[in-house]
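What follows is a single structure, written as structure tokens, with notes after it.
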Amino acid sequence: MDGLRAVQEIRKLDEHVPILVLTVDERQEIADRFLDVGATDFAIKPVRAPDLISRIQLHLRLSKLTKESEKETSEAKKNQELEAPKGISTTTLNHIAGFLRDRRKPCTIDEITKDVGLAYPTVYRSLVYMMQKGKVRTIISYQKVGRPKNKYEWRGE
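In my numbering, the protein residues as written are 12 to 168.
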């Protein structure tokens, strides 16, 4: 197996492991091909031991930081997603929750329905559920004429 194929196979096994390619070929196109198939870094032989050690240490640190960042992002995403009860789609629930999170001001159910592109009953059921879970609060907006309107605002953590 040549070096390019080896990099591809390693990358299939682990998308995060640093791969430092050492070669005697000085052509830029070779370096580009290795990087394109998944190598992390590229060095021309002969490589001095201190240079090689510092590259390895650098890429291990970068790999660790990347994994930590992805873990934090994944945990934050999990914390933001809501579990849906029977009869409500998780995707729908999180779509409406995301819409409310992004809004700077409370909005009516009609505004939510229009902007998220879902039917009124679907949005209503989702809002009721999120209010029960303490993620959404209702604000009563009194109009000059007619009945007051409920506006909804995200309050989840």
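For every residue, glycine included, the Cβ atom is placed at its ideal position computed from N, Cα and C.
Quick caveat, the model's predicted, so the values are computed rather than measured.
Tell me the residue span of the beta strand (DSSP E) that contains residue i.
i	result
Arg114	Here Arg114 belongs to no beta strand (DSSP E), and DSSP marks it neither H nor E.
Ile55	52-55
With H, G and I counted as helix, E and B as strand and the rest as coil, what does DSSP make of residue i?
i	result
Lys23	helix
Lys97	coil
Lys144	coil
Lys78	helix
Lys160	strand
I'd like the span of the alpha helix (DSSP H) that includes residue i, first residue to last.
i	result
Arg169	Only positions 12 to 168 of the chain appear in this structure, which leaves residue 169 out of reach.
Which whole-angstrom value describes the C-beta separation of residue i and residue j, a residue pair presumed to lie in contact below a C-beta threshold of 8 Å?
i	j	result
Lys146	Leu71	Rounded, the Cβ-Cβ distance is 40 Å, inconsistent with contact.
Leu129	Trp165	Going by Cβ atoms, the distance from Leu129 to Trp165 rounds to 17 Å, so no, they are not a contact pair.
Thr119	Lys162	6 Å
Pro117	Ile67	Rounded, the Cβ-Cβ distance is 54 Å, inconsistent with contact.
Within 8 Å, do at least three Cβ pairs link the stretch 101-109 to the stretch 133-141?
Between the stretch 133-141 and the stretch 101-109 there are three or more inter-stretch CB-CB distances shorter than 8 Å, so the stretches are counted as touching.
Length-filtered (4 minimum) alpha helix (DSSP H) runs lying within the stretch 26-50
Segments of the alpha helix (DSSP H) lying fully in the stretch 26-50: 39-47.
Would you call the stretch 68-80 in contact with the stretch 24-37, where contact means no fewer than 3 C-beta pairs closer than 8 Å?
Segment contact: the stretch 68-80 against the stretch 24-37, three or more CB-CB distances shorter than 8 Å; contact assigned.
Inter-stretch contact (C-beta, 8 Å, three-pair minimum) for the stretch 54-68 and the stretch 31-44
At 8 Å Cβ cutoff, the stretches touch.
Given 8 Å as the limit, is there contact between the stretch 43-54 and the stretch 13-24, that is, 3 or more CB pairs closer than that?
Contact between the stretch 43-54 and the stretch 13-24 is present, because at least three Cβ pairs lie under 8 Å.
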